[in-house]
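Chemist: I'd like to ask you about the structure that follows.
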Amino acid sequence: MAFANVLFAAIFSAAVLFLVTAGLQLVFGVQRIVNLTAGSVYALGAYFGASAFDWVVVRGGSPLLLLPVLAIAGLLAGQIGFVIERVLRLVYERDEAFQLLMTFAFVLMLQDFLRAIWGAQPRIMGDLPDVYGALGIGEFRFPVYNAVVILCSLSIGLLLWWFVEGTRLGHIVRATAENKAMSEAMGVDTKKVTTLIFVLGSVLGTVGGALVIPTTAASLEMPSALIVEAFAVVVIGGLGSMRGALFGAVIVGGMRAIALSYFPEMEIMAIYLVVVAVLFARPYGLFGKAVS
Amino acid sequence: MTIAKKIARRDVLKGMGGTIATMAGAVAMPAIAQNAPVKIGILASRAGTAAYIGENGLRAAEWTASRINATGGIGGRKVELVVEEETNARETLERARRLVLQEKVDCIQGVYSTGVSLPMAPTLEDMQALTIFWDGTTQDGVKETMPSPRYVFKSTDNECEAVMASLLVAKHLKGKFKRIAAVSPDYTYGRNVWTAFKALNKKFGIEAEVVAEQWSSFTQLDFTSNVAALKAAKPDLIFCVLGNADLPIFMRAATSAGLTDTARFVLVQAGHQHGQLKKPFTPEGTLLCYNTMYFARPDPSTIQKEFVEYYMDRFKDYPHWECERAYFSMMTYKAGVEKALAAKGGRWPGTDEVASSMEGIEIESFGGPARMRKDHVAEEVFYGGFASHDNSYDVCTLANSYSFEASVLQKPSGADFWKWLETANFPV
Amino acid sequence: MKNILLIGLFVATVLCSPFVVSPYYATLVITMFGYSIALMGLNLLFGYGGLLSLGHAMFMAIGAYTVGVLGSKMGINSFEVHLLAAASVSGLIAAVLGALCARYTTIYFSMLTLAFGMIFHSFLFKFYNLTGGETGISVARPSLFGHAFSEISKTRFLTGPFYWYSLVLFLVLFALMALIVKSPFGQALRAARDNPQKTEFLGVPVLRVRYVAFVVSAVYCAIGGAILAVSIGAADPELAFWTQSGNIVFILVLGGLGQLFGPLVGSATFALLQDFLMANTQYWRFAFGALLAIIIVVAPRGVVGLLARGFGGRR
Amino acid sequence: MEMLLRARDLTKRYGTFVALNNVSFDVTKGEVVAVVGPNGAGKTTLVNTLAGLHVPDAGDVLFEGRSVVTLPPAARARRGLARSFQLVSVYPSFTVSEMVAVGAFSRRGRTFNMLRPASWFEPERSEIASVVEAFGLSHRLDTLCSALSQGEKKLADIASAMTLRPRLILLDEPTSGIASSDKHRIMERLLAATESLGVESLVLVEHDMELIARYATRVIGLRAGEIVADLPPSQFFGDPDVIESIVGKVPGHAHG
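Here the protein sequences come in this chain order: F, E, G and X.
Take this note's numbering: the final residue in the first sequence is number 292, and no numbers are missing along the way.
Take this note's numbering: the final residue in the second sequence is number 1428, and no numbers are missing along the way.
Take this note's numbering: the final residue in the third sequence is number 2315, and no numbers are missing along the way.
Take this note's numbering: the final residue in the fourth sequence is number 3256, and no numbers are missing along the way.
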């Protein structure tokens, strides 16, 4: 039975890691920009979600509204993507390194922005560990909310897959990603597409942060810490591929659960050793495309 | 705009002026006029893991300064704070040099992390800068890293919390547990404290099997896997050394997974996150160590009562024990200066004189009587106990708060920590 | 002509600074030397080679820890030995990592170097009996050419003998880098940045050129890190965190990427700016973030570019 | 006549698409071989395989009698087998002399010399001057490549390969993007320069039939990765079946 707990925990941390990296992968896949603000945006979603929920509860809203409130809060906070993209657009023509550096500039700015508004104390949604209760058989017990997060993560993944593969807009996005010049020649307003994708990437981050906040705490070190975990997932899965984000998250989540149960001493180094191993076997990650 | 910021800005401008003066290199420092303010440099962190702790220390330092000024200052001179930010070792040392060489402060107080205090101490000593660390000093874990300082005064020993936790466990839980597990960030303090706990268990004849040890990274935000692994190991006592945002996260995950029903938790650094340990996921009976200030102490000293009321009214939050460290540092300095002032018949004492008069001085701090030992190690009263929910706050308080003199929990100067653990007779 | 004027002006102001500027600002100059030397290495790799590394703070940390371990753990305190050891350890590690990273370019190179940087950061925490874990390791005052200068205080040591030592070291390494940049190797590196395929067909083994630039940059970073460690008196794991790598890239871009004076002007501007900002606002990180964004858009050639434009240099 | 370059049974596949199918031919000293064929016939793949950008699935490339098929492009270049690119490629931030210097230093194995400024190397300086002079760009020696005209860029691009002292150079559509009126002038300048700088033979990928007829000593027709014709220009252009087999139906195209 104990193994079931470890398995559930592995799936849960994989779901969380997917939410962190989905936005990063989408933006890189289409625009070939590594968005270092993925961690900061995730933290913003977490902080904003917590405040939004407190605001609703203070006004008599029932705690059961937790999920919708967090989802909406995430969507609202994600609009910061417009601000970042507006400035990032100024360096689209420049060398890729400068786009990466521009996102680093926003990491610095967002760090103080978060502290100015939400203060230095880690923000935790205290009084509802099991607002949706807990389920389980005998030893195996898990909070329903964690299962909800897993479902949300899966549905976001499916939604993204459907959007990119199934919709007309998805085709346009893939065309722009494949060959920007040609798409422009075919009348695609690539400026709008890149803005849409960048904002969607940010929204994925903030919604992810908001959804997960009840199971964790928003703190000022979240941004820089998450980037490290996101990079491990993305390097393993392959930069730019959604399937890569999913498999990378499962591998890293699984690795951590196994490492903790069977050889805790190596837990910190375990993930990085996997990263280096994958890079030897497949230089561009499991699903990454070799860049010309 | 807190007092500190106003003070900091005005001072900087004067500081700039100071640079030009020294640049000209002409004007010798005037004799210390009786009415010139006593300048105290504060190093408090504002970002990262220690931001919350630095903020508390700064608020307490400001409150103490205004209280001193309201009662006539130190030897008739008003106290003025020059606030700088504690970040990493390099930047903080530069800020300290700026305070000493530019601002010409009379005393430096502050600093929380050992990663900053230990490297700074030799340089401060070399600059003959009177310094009182709030925290993060004395031994680096166990061995003496600042032998016989002259101008630097150290905080109480890091390990006091852990020794207190072990004593409380031995006294109240002996025989109630057989399978122990450890959860801690992977750093020297965590490892030393866990080893000390096992050693003391053996000393008090407690037979306990270690069933799991987990060493997390500092910024881990997801503990579901840790909890699952712990549940598999079926411990009945979990020795937890987490102290940042990871502590409430871990407790929440443990409660959701039902781990708190099968094991008792010993939270060695509960004091760091006591404002976050909400009742729903901190069950009654959890052992909480509050360090040198327990804000809800049943019969608090008048000074603590006044401060806690001020703090909770003004900031709508529970004061962290760093406030006591800030208060203790400020009052020790004040007492030291006044003692040296009396000895010199009213003439203002030099840094050396203040330093030597501070050695062995006793004051009344928030937690009760506290003193600065001759070897520059502070001794204050530590608080701990078992969590209870019947209070009007949304966080836990202690069912019955036990207090320990630091002298009981702290090895005498020069002794080897591990030998002391074996030989000392602790009040159990 | 303008360049020689700029050099003369700078060397003059630095030479006489310990006499004029208050001791505090003199110690800042030491930090400036440490950063300038490290940034010259980074500038070779990123400015001239076009490879943005997000892990080079690791090599500065290697320099700092080598001085710490030799000084505090092995009792060797001659600074010449420290520098030699720091350079060779860093060069060795760069030789291994370089072989892995030089194959990649642009985004993958940045991500890979970030991953290696973070592996080193967790290594510093993990093996704490060697590295001192989270409290880091103290760096005692080394002896310069066998002379310990123990009779003077550390501040006077820093603003006196160590200041001249660092200045000479900086000037030597600056001259060396000026040669490297103008040498056939420097040209081949710039060519590889502008058009790797064409450069390969002109007989230049592009991967090997980048590999050598990677190792040279790591050695420079280690020496810079060693000087910083002596000035601070400590080396802690924070030195190797990825945001530190981001910061040193920021300082380089602030100064002027791909400009010979970029590292120097960048470090000086950063040291003074940080001192001013930290004294005036607790949100100095926001100010730096905004400044980095502005510099990237408005002045891609950094402060050096602005100065050149200011003196009527080419647009 | 001494054999300079030999391609033997070169085969290159991209998945199921066969770009080159058992292509074999020799190039001897003094020849100017033109490679013609419709788009997708494998012309550029052939040049890239000879130059070392692609490793063939089968077959061998011999230069001056020794197999170079395993050598990377840089090594082949240093041995005297140079190439230029279909799209003009120059270093925008370099002056013409700096660009042309890169090949000069790599040929002498001085790429890794770090401790002396490039301008102090006397032998290279004179060599660069002579190459640039041969291409008629002496007045542009210290001009930034980005400031050159399209024609000048084309010449500078090819000139930059000349400091490798190549015996054979593979030219991928050297006059593409040049106004047809200038094509001959550029071609003449090119052939005169390579002649004077010791290049013994050229392999030329070209579409312009006039240029081929005028300057090539031999024409190889490629179609779907296979050689369908290998004749001197006079016979090649005289025989409509041959042209038809390369470019398909030629509506009434008479060509003298």
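Just so you know, even glycine gets a beta-carbon here, dropped at the ideal spot from N, CA and C.
All values reported here derive from a predicted model rather than from experimental measurement.
1) Quick one: measure Cβ to Cβ for Phe1366/E and Tyr1327/E, integer angstroms, because I've assumed they're closer than 8 Å.
2) Ordered along the chain, which non-local residues of its own chain (more than five positions away) have a Cβ less than 6 Å from that of Ile251/F?
3) Starting from Pro3233/X, follow the alpha helix (DSSP H) in both directions and report where the run begins and ends.
4) Where Phe2123/G and Met269/F are concerned, what is the direct C-alpha to C-alpha distance, given to the nearest angstrom?
5) In whole angstroms, give me the CA-to-CA distance for Ser3160/X and Pro223/F.
6) Looking at the secondary structure, which residues open and close the alpha helix (DSSP H) in which Glu184/F lies?
7) Determine whether the Cβ of Gly2160/G lies closer than 9 Å to any Cβ atom of chain E.
8) Closer than 9 Å by beta-carbon distance: list the chain G residues that pair up with Tyr42/F, in chain order.
9) Could you say which of Ala1263/E, Thr1302/E, Met1293/E, Ala1253/E lies nearest to Lys1278/E if we only look at CA atoms?
10) Let me know if Gln3150/X comes out buried or exposed under the rule of 16 or more other beta-carbons within 10 Å of its beta-carbon.
11) Helix, strand or coil for Gln2187/G, going by three-state DSSP, please let me know.
12) By alpha-carbon positions, which one of Leu2028/G, Ser2053/G, Phe2288/G ends up nearest to Val2215/G?
13) Please list the terminal residues of the continuous alpha helix (DSSP H) segment that includes Phe1307/E.
14) Please state whether the Cβ-Cβ distance between Ala2095/G and Ile2062/G is less than 9 Å.
15) Hey, how far is the Cα of Ala1355/E from the Cα of Arg1046/E?
16) Counting only Cβ pairs nearer than 7 Å, list the residues of chain F close to Asp1222/E.
17) Between Arg1179/E and Pro1235/E, how many whole angstroms is the CB-CB distance? I'm expecting something under 8 Å.
18) Report yes if the C-beta distance between Arg243/F and Phe287/F is below 9 Å; otherwise report no.
19) Taking the CB atoms as reference points, tell me whether Thr1165/E and Ala1212/E lie closer together than 9 Å.
20) In this structure, does DSSP put Thr1255/E in helix, strand or coil?
21) If we define contact as Cβ-Cβ less than 9 Å, is Ser3119/X a contact residue for chain G?
22) Taking the alpha-carbon positions, what's the Asp3157/X to Leu3211/X distance?
23) Pick out whichever of Phe1250/E, Ser1117/E, Pro1280/E, Val1038/E has its Cα sitting closest to the Cα of Asp1390/E.
24) In angstroms, rounded to a whole number, what distance separates the CA positions of Thr2106/G and Gly2049/G?
25) Report the CB separation of Gln2259/G from Val2304/G in whole angstroms; it is logged as a contact under 8 Å.
26) Since Gly2160/G contacts Ile2152/G with CB under 8 Å, what's their CB separation in whole angstroms?
27) From Ala3007/X to Ala3229/X, what distance separates their C-alpha atoms?
28) Taking CB distances under 9 Å as the criterion, tell me whether Phe2123/G reaches chain X.
29) Assuming Ile3186/X contacts Thr3175/X (C-beta within less than 8 Å), just tell me the rounded distance between them.
30) Express the C-alpha separation of Ile11/F and Ala2140/G in angstroms, rounding to a whole number.
31) Here's a check: name, in chain order, each residue in its chain whose Cβ is nearer than 6 Å to the Cβ of Ala3082/X, leaving out the five neighbours to either side.
32) Please identify the residue among Asp1246/E, Ile1361/E, Ser1407/E whose C-alpha is closest to the C-alpha of His1272/E.
33) Have a look at Ala1028/E and Lys1344/E and give me their C-alpha separation to the nearest angstrom.
34) Between which two residues does the beta strand (DSSP E) containing Ser1184/E stretch?
35) What span of residues does the alpha helix (DSSP H) with Glu1324/E cover, start to end?
36) Which residue marks the beginning of the beta strand (DSSP E) containing Gln25/F, and which one marks its end?
Modeler: Looking at the atomic coordinates:
1) That pair is a contact at about 6 Å.
2) Ile236
3) Where Pro3233/X is concerned, the enclosing alpha helix (DSSP H) stretches over 3233-3238.
4) 8 Å
5) For Ser3160/X and Pro223/F, the distance between alpha carbons rounds to 48 Å.
6) 180-185
7) no
8) Neighbours of Tyr42/F in chain G, taken as residues whose beta carbon is under 9 Å from its own, are absent, since the nearest beta carbon is some 16 Å off.
9) Answer by Cα proximity: Ala1253/E.
10) exposed
11) Of the three classes helix, strand and coil, the one that applies to Gln2187/G here is helix, per DSSP.
12) Ser2053/G
13) 1302-1315
14) no
15) It is roughly 29 Å from the alpha-carbon of Ala1355/E to the alpha-carbon of Arg1046/E.
16) Ser13, Val16, Thr216
17) 5 Å
18) It is a contact, given that the beta carbons lie within the stated cut-off.
19) Note on residue identity: the sequence assigns Ala, not Thr, to residue 1165/E. Contact flag unset, no.
20) helix
21) At a cut-off of 9 Å between C-beta atoms, Ser3119/X counts as an interface residue with respect to chain G.
22) Their backbone Cα atoms lie some 20 Å apart in a straight line.
23) Pro1280/E
24) 11 Å
25) 4 Å
26) 7 Å
27) 15 Å
28) no
29) In this structure, Ile3186/X and Thr3175/X form a Cβ contact; the two beta carbons are roughly 5 Å apart against a cut-off of 8 Å.
30) 49 Å
31) Ala3161, Leu3164, Pro3166, Ile3169
32) Asp1246/E
33) Model confidence at Ala1028/E stands at a pLDDT of 41, short of 50, so the residue's coordinates are unreliable; what they give is reported in the following sentence. Rounded to whole angstroms, Ala1028/E and Lys1344/E show a C-alpha spacing of 24 Å.
34) 1179-1185
35) Here the alpha helix (DSSP H) through Glu1324/E covers 1322-1343.
36) From DSSP, Gln25/F is part of no beta strand (DSSP E) but of the alpha helix (DSSP H) over 2-31.
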